[in-house]
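A.B. asks:
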Amino acid sequence: MRFFLPLVLLLTALGLGIYAYLGGLRAPSVALETSPTPVLLAGQPYHGKADDARFGELFRAAKLRQDASPTPLPLANLYYNNPESVRDSIRAFVGLRVPDSAAALPAGWRYRVVPAGRRAVVARLNGVSFMLSPGKLYGAVEQGIKDRKLTKEPFYLEQFGPNEADELRIEVK
């Protein structure tokens, strides 16, 4: 029993160390912005249950395509309904952010353009593991919307870039 407290303290310190190493102590920057340029995405649309195996396969395909790309491209997911609160079905577009439409796309992939001039609350985070960044980004944007007393639009754009440069845009009225 006398080893129990030191063991608990050691495991707690180890857990906090891993959390800090993964970037868990970093906070995202949040701003209200109007997108200056259109965003071009290449990927595959999805409509169905969030826990469907096909949805996971789209993410794996996008990651494989990202790894095979000669230039670093961020993973980019476009959601047409809130992915954090979806119970039944989700409408999404899963793929990569691309600089132009010159590249030939794999079978089943298509382009999607997010037009410029849309107002959004944007959270950016650097140096945080992909495992932790979505929770941090969504929490920061939700708080930013609440603080500014804005209304969300059902349009979410996630980008997970190379070198752990991540961004979430939620459109607002």
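Be aware that the sequence shown starts at 573, since it is given in the working numbering, and climbs by one per residue.
For each residue, glycine too, the CB sits at the ideal point set by N, CA and C.
Being a predicted model, the structure only gives us computed values, none of them experimental.
#1: Quick one: complete alpha helix (DSSP H) runs, 4+ long, within the region 573–642?
#2: Helix, strand or coil: how does DSSP classify Tyr710 here?
#3: Please report the straight-line C-alpha distance between Phe627 and Lys621, rounded to a whole angstrom.
#4: Tell me whether Gly667 sits in a helix, a strand or coil according to DSSP, three-state version.
#5: Looking only at its own chain, which residues have a Cβ that is under 7 Å from the Cβ of Lys708, when we skip the five neighbours before and after it?
#6: Measuring only the C-alpha atoms, how far is Asn653 from Val744?
#7: Could you tell me the alpha carbon to alpha carbon distance between Val686 and Lys721, rounded to whole angstroms?
#8: Given Arg690, which residues of its chain have a CB within under 6 Å of its CB, disregarding the five upstream and five downstream residues?
#9: Just the Cα atoms here: how many angstroms apart are Gly615 and Tyr591?
C.D. replies: The short version:
#1: 576–593 and 625–640
#2: The residue given as residue 710 occupies position 138 in the sequence shown. Looking at Tyr710 - three-state DSSP - the assignment turns out to be helix.
#3: Walking along the sequence shown from the start, residue 627 turns up at place 55. Walking along the sequence shown from the start, residue 621 turns up at place 49. Their backbone Cα atoms lie some 8 Å apart in a straight line.
#4: As a working note, residue 667 is residue 95 in the sequence shown. Gly667: strand per DSSP, three-state reduction.
#5: As a working note, residue 708 is residue 136 in the sequence shown. Answer for Lys708: Pro600, Leu697 and Val700, listed in chain order.
#6: Translated into the one-based positions of the sequence shown, residue 653 becomes position 81. Translated into the one-based positions of the sequence shown, residue 744 becomes position 172. Roughly 13 Å between the two C-alpha positions.
#7: Residue numbering aside, residue 686 sits at position 114 when the sequence shown is read from its first letter. Residue numbering aside, residue 721 sits at position 149 when the sequence shown is read from its first letter. Straight-line Cα distance between these residues: approximately 24 Å.
#8: Locating residue 690 in the sequence shown gives position 118, counting from the first residue. Within the same chain, Arg690 has close Cβ partners Ser607 and Glu743.
#9: Locating residue 615 in the sequence shown gives position 43, counting from the first residue. Locating residue 591 in the sequence shown gives position 19, counting from the first residue. About 32 Å.
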